[in-house]
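In our numbering, the protein residues as written are 1123 to 1651.
Beta carbons are placed, not taken as given, at the ideal position from N, Cα and C, and that holds for glycine.
One structure below.
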């Protein structure tokens, strides 16, 4: 039997899925922090900051942390900025869901209960925080454990939305689903769908780079829900941050689990996309590298079973969600046809007729992408200290010419033109509570809100403060990568490539900026296909 995870916004009237979720959370919160199946220990597995937890009242005053080697192995496991991001969270959700279902059955609830997901990429309504998470009580007067007072932290935010509604610019899934390969390049190349190869990664070692799905929509949704903005500017005090903004408190918010169920669903959607006839076996496919399949060597992934005993798992164990070990499916993991037409659509964008574009696309021999070449970079650190910051990237004349030549499509072309990537390197921030939109070539005087043609994507500071702190990590910050191929194609087709590209970084929340948020370098690369 496979349990079915359903879209929270499409649950039928009078459906009790969320009511049982709330009741089970209430019972798990009665369990002690030292119990691996308690609400508190399950959240600490993602991350725990003892000072913040105590300040927020999640660890009672005078209560010491459990001095248990077993719990220390369980806690602070979350995998971000790594190719283990998706498989670790899949195993984490599965353990959490099983413990919840066990408690729901004890409460005489449905034995087929499954965790719903929040698909915020649908209609306008889907952008709204599901209503049940915003009301402190159920209609019968009982406490609603889906409503948490610290959702928005302790910051005095004068304009918290009621209900909270996501900006559509933080939730596009097209850029991530368009990544053909799971593994990304740790340096100048694309981020990949699932991230770059690392060892066990909890924000405290090595170079850092967002994977495609982690960068957007994962991180921006975290920060949009949690916030951390005061009336006088962006707060750098972690006690001000909402639960979802801080990786060490995120799993204390019940909406966290619906958000990550959707991220997990999007992994299934990505892997079910249709390959082009000439694509290799590694397109829209999970890694076959034993270093990924067998998990990190330096620390195992550990989860609690419903009876509190512990077990380990590897990415290999969570590849098939419908296999007995996991046993769940989604009500909608529809295949996306985007990949089938991607190259033909690109040829049309470059001025080729639809019929010829289809013929050219069908005749291409797809080869593994080559190493990227630097086309241009800015000359100094960029500080995100105002609502709109512009940097200008000068293109190398020789590289610009080579890129232009590949974009000039002609009959008999044997390969897809070069793809183009924008990298924001060594992004550093003392606060996780900021989101920025990235625009390339946005004309002066054009309101970014009204422009989608020049929008490269968004990125958040979720997890960036740890990666920026030399006391707890390499201190090099994080790199965010954007595929700007469509923007460059349009510029080439309209008037030819310019000698410089304008890159505008726009704060998602006016005033949520800081002199201390910086980008070490903005670079542009082309990659031969």
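Name the DSSP beta bridge partners of residue i, please?
{"i": "residue 1424", "result": "1434"}
{"i": "residue 1125", "result": "1450"}
{"i": "residue 1545", "result": "1603, 1645"}
{"i": "residue 1581", "result": "1558"}
{"i": "residue 1242", "result": "Looking at the DSSP assignment, residue 1242 forms no beta bridge with any residue, so it has no partner."}
{"i": "residue 1514", "result": "1624"}
Does the Cβ of residue i lie closer than 8 Å to at least one heavy atom of the ligand ATP?
{"i": "residue 1252", "result": "With respect to the ligand ATP, the structure shown offers nothing to examine, as it has no ligands at all."}
For residue i versus residue j, is the C-beta distance shorter than 9 Å?
{"i": "residue 1380", "j": "residue 1214", "result": "no"}
{"i": "residue 1551", "j": "residue 1611", "result": "no"}
{"i": "residue 1414", "j": "residue 1315", "result": "no"}
{"i": "residue 1370", "j": "residue 1571", "result": "no"}
{"i": "residue 1274", "j": "residue 1349", "result": "yes"}
{"i": "residue 1188", "j": "residue 1243", "result": "no"}
{"i": "residue 1603", "j": "residue 1306", "result": "yes"}
{"i": "residue 1476", "j": "residue 1437", "result": "no"}
{"i": "residue 1650", "j": "residue 1426", "result": "no"}
{"i": "residue 1387", "j": "residue 1241", "result": "yes"}
{"i": "residue 1217", "j": "residue 1450", "result": "no"}
{"i": "residue 1203", "j": "residue 1323", "result": "yes"}
{"i": "residue 1345", "j": "residue 1377", "result": "no"}
{"i": "residue 1582", "j": "residue 1356", "result": "no"}
{"i": "residue 1124", "j": "residue 1156", "result": "no"}
{"i": "residue 1564", "j": "residue 1617", "result": "no"}
{"i": "residue 1298", "j": "residue 1337", "result": "yes"}
{"i": "residue 1310", "j": "residue 1494", "result": "yes"}
Write down the C-beta distance between residue i and residue j rounded to the nearest angstrom, noting that I regard them as a contact closer than 8 Å.
{"i": "residue 1210", "j": "residue 1469", "result": "That belief does not hold up - the Cβ atoms of residue 1210 and residue 1469 are roughly 39 Å apart, past 8 Å."}
{"i": "residue 1472", "j": "residue 1529", "result": "6 Å"}
{"i": "residue 1531", "j": "residue 1474", "result": "5 Å"}
{"i": "residue 1580", "j": "residue 1291", "result": "6 Å"}
{"i": "residue 1161", "j": "residue 1153", "result": "7 Å"}
{"i": "residue 1206", "j": "residue 1418", "result": "7 Å"}
{"i": "residue 1453", "j": "residue 1127", "result": "7 Å"}
{"i": "residue 1406", "j": "residue 1302", "result": "7 Å"}
{"i": "residue 1629", "j": "residue 1509", "result": "5 Å"}
{"i": "residue 1428", "j": "residue 1159", "result": "7 Å"}
{"i": "residue 1164", "j": "residue 1373", "result": "7 Å"}
{"i": "residue 1549", "j": "residue 1586", "result": "6 Å"}
Within its chain, find whatever has a CB closer than 6 Å to the CB of residue i; leave out the 5 residues flanking it on each side and keep chain order.
{"i": "residue 1643", "result": "1499, 1547"}
{"i": "residue 1199", "result": "1167"}
{"i": "residue 1285", "result": "1250, 1251, 1256"}
{"i": "residue 1622", "result": "1514, 1516"}
{"i": "residue 1367", "result": "1345, 1348, 1350, 1554, 1555"}
{"i": "residue 1505", "result": "1637, 1640"}
{"i": "residue 1359", "result": "none"}
{"i": "residue 1260", "result": "1266"}
{"i": "residue 1103", "result": "Given a span of 1123 to 1651 for the chain in the structure shown, any question on residue 1103 remains unanswerable."}
{"i": "residue 1465", "result": "1483, 1538"}
{"i": "residue 1444", "result": "1124, 1451"}
Leaving out the 5 sequence neighbours to the left and right, which residues in its chain are closer than 7 Å to residue i when beta-carbon positions are compared?
{"i": "residue 1281", "result": "Note on residue 1281: pLDDT 45, under 50, position unreliable in the model; the coordinate value appears next. Cβ within range, chain order: n/a, list empty."}
{"i": "residue 1447", "result": "1439"}
{"i": "residue 1269", "result": "1255, 1256, 1257, 1258"}
{"i": "residue 1497", "result": "1517, 1518, 1521, 1522, 1525, 1646, 1647, 1648"}
{"i": "residue 1578", "result": "1544, 1560, 1561, 1562, 1604, 1606, 1609"}
{"i": "residue 1535", "result": "1482"}
{"i": "residue 1484", "result": "none"}
{"i": "residue 1234", "result": "1125"}
{"i": "residue 1247", "result": "1131"}
{"i": "residue 1253", "result": "1285"}
Answer with yes or no whether the minimum CB distance from residue i to chain C is below 9 Å.
{"i": "residue 1178", "result": "This model lacks chain C altogether; it includes just one protein chain."}
ask   = Counting Cβ pairs, one atom from each stretch, are 3 or more of them under 8 Å apart for the region 1332-1346 and the region 1555-1564?
value = yes
query = Is it true that the region 1144-1159 meets the region 1228-1243, where meeting means three or more beta-carbon pairs spaced less than 8 Å apart?
reply = yes
Stretch pair the region 1131-1141 + the region 1400-1407: three plus CB contacts closer than 8 Å = no
message = Is it the case that the region 1504-1518 contacts the region 1584-1603, given that we only count it when at least three CB pairs across the two stretches are under 8 Å?
response = Below 8 Å, too few C-beta pairs join the region 1584-1603 and the region 1504-1518 to call them touching: fewer than three.
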